[in-house]
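Numbering (the numbering used here), first residue to last: 4 to 316. All C-beta atoms, glycine included, are put in the ideal place defined by N, C-alpha and C. Single-structure report; data block below.
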Amino acid sequence: AGRAEDAIIAVRNSQSSDSLLRSLIQAANIDTLILDVAHPSPDECYTPEQISSIAHCRSAKLLRLEVLMQDLIVEYDDFDEVVERLSNEVEQSRQHGYCALKSIVAYRTGLNIAEWAKDEAVASFREARTEVADKKLRIAHKPLLDYLLHVAFAVAAERGLPIQFHTGYGDGDVDMRLANPLHLRDVLERPDYQTMQVILLHESYPYCQYGAYLAAIYPHVYFDLSYTIPFVDRLEMLAFTRQALSIAPASKLMYSSDGIYLPEMHWAGAIRGRKILGQVLQEMISAEEIDEQQAYRLAQQILHDTAYTVYGL
Numbered sequence: 004a005g006r007a008e009d010a011i012i013a014v015r016n017s018q019s020s021d022s023l024l025r026s027l028i029q030a031a032n033i034d035t036l037i038l039d040v041a042h043p044s045p046d047e048c049y050t051p052e053q054i055s056s057i058a059h060c061r062s063a064k065l066l067r068l069e070v071l072m073q074d075l076i077v078e079y080d081d082f083d084e085v086v087e088r089l090s091n092e093v094e095q096s097r098q099h100g101y102c103a104l105k106s107i108v109a110y111r112t113g114l115n116i117a118e119w120a121k122d123e124a125v126a127s128f129r130e131a132r133t134e135v136a137d138k139k140l141r142i143a144h145k146p147l148l149d150y151l152l153h154v155a156f157a158v159a160a161e162r163g164l165p166i167q168f169h170t171g172y173g174d175g176d177v178d179m180r181l182a183n184p185l186h187l188r189d190v191l192e193r194p195d196y197q198t199m200q201v202i203l204l205h206e207s208y209p210y211c212q213y214g215a216y217l218a219a220i221y222p223h224v225y226f227d228l229s230y231t232i233p234f235v236d237r238l239e240m241l242a243f244t245r246q247a248l249s250i251a252p253a254s255k256l257m258y259s260s261d262g263i264y265l266p267e268m269h270w271a272g273a274i275r276g277r278k279i280l281g282q283v284l285q286e287m288i289s290a291e292e293i294d295e296q297q298a299y300r301l302a303q304q305i306l307h308d309t310a311y312t313v314y315g316l
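This is the structure we're talking about:
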């Protein structure tokens, strides 16, 4: 086994980065990649434009809100200026090539996004500016972050921009108690946010049933199924795929690889995701819940059509 692994790695390393990317994306029959261009940093990876050119696939960008907010807080020492600049950047995001917004507030202060008075947000902003002076800023100031998120939400709802939320499973610095998508209820209930489509990422693992439930009851909520998140094996992926299809309409489910850094992750996610989805749909056919024609239609929605509609691709 060790020699086989060494041989595989040797063949891989003999290819150029361009050739490896192209061969894996084409082998996986990937039509479009939606990329978070804030992570990893641009100097560590290809740009979306380079990927499209090399791999002959489409690529679209996500605007990560917390990175934008942090940059603005570093640049401007006036709170109202930060709010105005944030609003303008979100409003013009499509013109700058972004197909959606993304929030990682689950990693910072939690999905229990509250509404704060302006003076509370300003006080929190002053704390953040102190950290700027000390060159230690990581925006995790709850009144400030929540307030600025609501600024972005208002523009997103007005412009019909979708927004992704990291939910559930993450790196060691995520408080899993605050990554439960049920914490988003107040945001999802806001009447003026109903035109902001919300995508719950990473099947909200291990809160899969909760996330699928939210996608079932809220017309503007969608549920992402990620097939390369680490440490979750094939059996568990089958389990959350069954749960999602048992609770949420298939039209509210979207495939993703959660690929990052390595082109193998995009390839593995696509291959594994199709196999797992196919197995679960076959189980539904055997149980006489759907027929074969319906299974093909559901797979097409989950793997392609719904994402194209939601992201305006």
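When the beta-carbon positions are compared, L228 and S259 come within less than 8 Å of each other. Looking at the backbone, the Cα of I274 and that of Q246 are separated by about 20 Å.
Scanning the segment 59-101 from its first residue to its last, the whole alpha helix (DSSP H) runs of 4-plus residues come out as 68-78, 82-94. Note that the C-beta distance between K105 and L68 is below 8 Å. Taken in chain order, the complete alpha helix (DSSP H) segments of 4 or more residues contained in the segment 149-219 are 188-192. Of K255, L265, R300, D178, the smallest CA-CA separation from N115 is found for D178. The Cβ atoms of I305 and L256 lie closer than 8 Å to each other.
Looking at the DSSP output, S106 sits in a beta bridge with F168. About 36 Å separates the CB atoms of H186 and L27; that is not less than 8 Å, and the two are not in contact. D176 sits away from Y221, with the two beta carbons spaced by 8 Å or more. Between N32 and G272, the alpha-carbon positions lie close to 12 Å from each other. For F226, the three-state secondary structure derived from DSSP is strand.
The residue among S249, P51, V77, T50 with its C-alpha nearest the C-alpha of Y213 is S249. For S127, the enclosing alpha helix (DSSP H) has its first and last residue at 121-136.
Looking at the backbone, the Cα of L204 and that of Y172 are separated by about 9 Å.
When secondary structure is reduced to three states using DSSP, L248 falls in the helix class. Inclusion of F168 and C211 in the CB contact set at 8 Å is not warranted, their separation being larger than that value. Rounded to whole angstroms, the Cβ separation of A124 and I142 is 12 Å, and the two are not in contact under 8 Å. Here D149 is buried, its C-beta having at least 16 other C-beta atoms within 10 Å.
Less than 8 Å separates the beta-carbon of L284 from that of L301.
Here DSSP, grouped into helix, strand and coil, assigns Y258 to strand. Between the segment 94-104 and the segment 56-74 there are three or more C-beta pairs closer than 8 Å, enough to call the two in contact. One thing to note: Y196 has its Cβ within 8 Å of the Cβ of A160.
In the structure shown, I279 falls within a helical segment according to DSSP collapsed to helix, strand and coil. Between M199 and L164, the CB-CB gap stays under 8 Å. Straight-line measurement puts the Cα of D83 at about 17 Å from the Cα of T133. If you look at I28, you'll find it in the alpha helix (DSSP H) that goes 20-30.
Bounds of any beta strand (DSSP E) do not take in L301; it lies within the alpha helix (DSSP H) bounded by 295-303.
Annotated three-state conformation of I37 is strand, per DSSP.
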